[in-house]
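Worksheet: one structure, shown below.
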Amino acid sequence: MKKKILIIVAILLVLGIGLFFYLRGSENGQKFKTAPVTRGNLRATVTATGTLNAVTTVLVGTQVSGTVKQIYADFNSSVKKGVLIAEIDPATFQAQVEQQRANLMASKANVAKAKTALADAERTMQRNKELFAKNFIARSDLDTAETNYESSKAQVNVNEAQVAQTEAALKTAEINLHYTKIVSPVDGIVVSRNVDVGQTVAASFQTPTLFTIAQDLTKMQVDTSVDEADIGKVALGQDVEFSVDAYADKTFKGTVSQVRIAPITVQNVVTYDVVVKVDNDELKLKPGMTANVSIIVASKSGVLKIPNAALRFRPSDKDLGKSGTDQVAKEGGKPGSAPAKEGSKPEGAPGKGAGRPGGAPQVEGGRPGGQPDGRPAGQRSYAVWIPEDGKPKRVSVTTGITDGAFTEVTSGDLREGQEVIVESTSGAKKNNTTPQQQAPRFIR
């Protein structure tokens, strides 16, 4: 029994010693997660959100007050220009027209009466002139006759002016009667109706809106707001892709048609309106939908590219070894001078943009690097690391555009198919990097 116990203890001791040396060897071993250098297409985009609207939207109101008698168009009705869509009770306005017609007749009668009085005054004046010449009447009688003539003549002018005034009033009444019939000013589709039969509408300085008509829903536009940091990359004619929640699995296409220069400031955030033209032949898109927009500001085909995680990798002194550390120091850098991981703020560099999706890599020397969210990184130099004899080897590269997940390599000692280090899997607890720096966050 005692012998069996000794054998078991010996076996456990051997296993324990073996496990100890195995774990120690694994801890000291240099292991890295790598990704291949590939060749493919890259697109740099500016992302934003916007709202779909009809290119031309007409607000139809009323120019007269009254009660809505009839409605001939409803939501989604297709209307033609000049077609009757609603009618206000015309009874009051018809009565006003008849009243003005009667006033016009009376004014014309007054003109005829005044002309008759003028003719009589003229005859009286001529007769008094003859009598005065024969000294049959006094001078005052002649003066009175002449005054009556001039007065009758002026009265004719007054009555004729009243006729013109009454004609204008009649025309106004007829126009108001015409306004009781509300017609569509354009060809389009009724997208909104804000009135019901029997409702009283009042015309004022702000005409009430009865209908909203979209002129042509086969041509629409996305009104989107682009951040001031990105607006310099947006230009007329750029291709746009966007999606809406109603059709999450479908991508719609458009073109930038307008970049408005007027700034919009909300809570100290400055944005600019960008208008995107969209074809809507299938009429799937509807006014008011929210669009998630990606403006393609740069595109390249068949370029050499590496994952952004490779630009953010930072080896520790232990990973490099003494010779590697001396080599980095000789080149004027340090192990931590490689691009910073997402969310970390490089020493001596501003914190703007840190932690954004896509990661804003840091250029060599601690300066901020390429822009996140698909913005072009420009021609900048970075350090990436490749595995060589179990240790990371530093390689300087120059980058181009980025799509947030991969970055173009324009120059450097890298070739297609070569592996670059994206993460260290050894010595996690002894690494001199922070947890956020040690585990790069991959961009989807």
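In the numbering used here, the protein residues as written are 100 to 543.
Glycine is no exception: its CB is placed at the ideal position from the N, C-alpha and C atoms.
query, result
"Assuming residue 520 contacts residue 137 under a Cβ cut-off of 8 angstroms, what Cβ separation, rounded to an integer in Å, is found between them?", "Not a contact, Cβ separation roughly 15 angstroms."
"Just verifying my parser: in three-state terms, what is the DSSP assignment at residue 169?", "strand"
"Should residue 482 go down as buried or exposed, given a rule of 16 or more other Cβ atoms within 10 Å for buried?", "buried"
"Report yes if the C-beta distance between residue 390 and residue 150 is below 8 angstroms; otherwise report no.", "yes"
"Taking only three categories from DSSP, how would you classify residue 392?", "strand"
"Of all the options 415, 266, 169 and 374, which has the alpha carbon lying nearest to the alpha carbon of residue 522?", "415"
"Could you please give the first and the last residue of the uninterrupted alpha helix (DSSP H) stretch that includes residue 265?", "238-278"
"Compare the C-alpha of residue 346 against each of 248, 360, 412 and 381 and name the closest.", "381"
"Measure the alpha-carbon distance for residue 145 versus residue 153 and round it to whole angstroms.", "23 angstroms"
"What's the gap between the Cα of residue 158 and the Cα of residue 368?", "31 angstroms"
"Identify every residue that forms a DSSP beta bridge with residue 153.", "319"
"Can you tell me whether residue 114 is buried or exposed? The criterion is at least 16 other CB atoms within 10 Å of its CB, across all chains shown.", "exposed"
"Should the region 497-509 be called in touch with the region 389-404, which here means at least 3 C-beta pairs below 8 angstroms?", "yes"
"Just the Cα atoms here: how many angstroms apart are residue 225 and residue 237?", "14 angstroms"
"Buried or exposed, going by whether 16 or more other CB atoms sit within 10 Å of the CB of residue 192?", "buried"
"To the nearest angstrom, how far is the alpha carbon of residue 228 from that of residue 222?", "10 angstroms"
"In whole angstroms, what separates the C-alpha of residue 487 from that of residue 515?", "17 angstroms"
"Can you find at least 3 beta carbon pairs, one from the region 203-223 and one from the region 258-277, that sit closer than 8 angstroms?", "yes"
"Is it the case that the region 174-190 contacts the region 274-285, given that we only count it when at least three CB pairs across the two stretches are under 8 angstroms?", "yes"
"Using 8 angstroms for Cβ pairs, my map puts residue 358 next to residue 333. What's the rounded Cβ distance?", "6 angstroms"
"Skipping 5 residues on each side, what residues in its chain have a beta carbon closer than 7 angstroms to that of residue 325?", "145, 147, 333, 370, 371 and 373"
"Assign residue 112 to one of three DSSP states: helix, strand, or coil.", "helix"
"Where does residue 319 land, buried or exposed, given buried means 16+ other C-beta within 10 angstroms?", "buried"
"In terms of residues, what are the limits of the beta strand (DSSP E) holding residue 413?", "Per DSSP, residue 413 belongs to no beta strand (DSSP E) and is neither H nor E."
"Using a Cβ-Cβ cutoff of less than 6 angstroms, which residues in the same chain neighbour residue 398 once the five nearest sequence positions on both sides are dropped?", "142"
"Is the beta carbon of residue 203 closer than 8 angstroms to that of residue 309?", "no"
"How long is the line joining the alpha carbons of residue 197 and residue 272, rounded to whole angstroms?", "9 angstroms"
"Closest by CA to residue 217, which one among 267, 245 and 316?", "245"
"Exposed or buried, what is residue 135 when buried is set at 16 or more other beta-carbons lying within 10 Å of its beta-carbon?", "exposed"
"In angstroms, rounded to a whole number, what distance separates the CA positions of residue 230 and residue 247?", "17 angstroms"
"By the three-class DSSP mapping on this structure, what secondary structure does residue 516 have?", "coil"
"May I ask you to list the residues that DSSP assigns as paired with residue 399?", "141"
"Are the beta-carbon atoms belonging to residue 294 and residue 165 less than 8 angstroms from one another?", "no"
"If residue 394 and residue 343 are in contact, beta carbons under 8 angstroms, what's the gap, nearest whole angstrom?", "Residue 394 to residue 343, Cβ: 16 angstroms. No contact."
"Should residue 140 be labelled buried (16 or more other beta-carbon atoms within 10 Å of its own) or exposed?", "exposed"
"Report the option in 251, 180 and 241 whose CA atom is closest to the CA atom of residue 214.", "251"
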